[in-house]
Structure formats: structure tokens, C-alpha cells
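J.: Residue numbers (the numbering used here): -15 to 94.
Structure below.
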């Protein structure tokens, strides 16, 4: 049996995953902004070779964080797409089930 055979999904699970990723993405952005503000404050108090090296390293780190933010945004977008597809197919399945002619109960007189 393949692992995919055991895959179960629910709207609630997808919504929770979306919320988790959005929350973590926002936390990452806020953390960067706090650190960035501190770096800019330090930049205003000290100028020199070490300061310039630190700023260059910090700017490189920021570029890496931007890549992470892009990946997280893509994950959220893909999860929202998956949720939309899931909801659409769930509704189609419900409509099909409601449209089934189940007939009446058969009772034998034997």
C-alpha cells in the first residue's frame, strides 16, 4: 500500500495550514524589521570598516530572508488553491450524492 493511499484531507486542516504559514511569515517579517531597525540605529552611532562589513553581511542575510518570504508566500498561495479545488470537488460530490435516485425500500412478502 502506498503512502498516498492513507492521505486524508479536510477543509479545517488546510485552513489551519494556511493560517500557520501566514502567521509564521508575518513573524519572520516582523523579526527582520526589528533587527533592521537596530542595525540602522547602530549605523547612526558608528561608522567604520567593521560597520560597513556588518551592514554588507546583514544586507546579504536580508536577501536570503526575502527568498524565504517568497517561498512562504508561494506555499500559502498553493494551499489556498488546493483548498479552493477541494471545496469545489466536495460540493460537486455532495450535489451528485443528493441527485442520486435511491428508490424505495423493498420488503419481501415471502
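Note that CB positions come from ideal geometry on N, CA and C, so glycine has one too.
If you're wondering where the values come from, they're calculated on a predicted model, not measured in any experiment.
Applying the criterion that 16 or more other CB atoms from any shown protein chain within 10 Å of the CB defines a buried residue, is residue 63 buried or exposed?
T.: Counting of Cβ neighbours within 10 angstroms places residue 63 among the buried residues, the total reaching 16 or more.
J.: Using the Cα positions of residue -15 and residue 36, report the straight-line distance between them to the nearest angstrom.
T.: Confidence at residue -15 is low in this model, with a pLDDT of 46, below 50, so the placement of that residue should be treated as unreliable; the coordinate-derived value is given next. The alpha-carbon atoms of residue -15 and residue 36 are separated by roughly 58 angstroms.
J.: Given a cut-off of 8 angstroms on the beta-carbon distance, is the pair residue 60 and residue 6 in contact?
T.: yes
J.: So, helix, strand or coil for residue 73, using DSSP?
T.: Residue 73 falls in the helix class under three-state DSSP.
J.: Going by DSSP in three states, residue 49 sits in which element: helix, strand or coil?
T.: In the structure shown, residue 49 sits in a helix (DSSP, three-state: H, G or I).
J.: Please say whether residue -5 and residue 76 have beta carbons closer to each other than 8 angstroms?
T.: no
J.: I'd like to know whether the C-beta atoms of residue 53 and residue 10 end up nearer to each other than 8 angstroms.
T.: no
J.: Cβ atoms of residue 39 and residue 23: under 8 angstroms apart, would you say?
T.: Residue 39 sits close to residue 23, with the two beta carbons spaced by under 8 angstroms.
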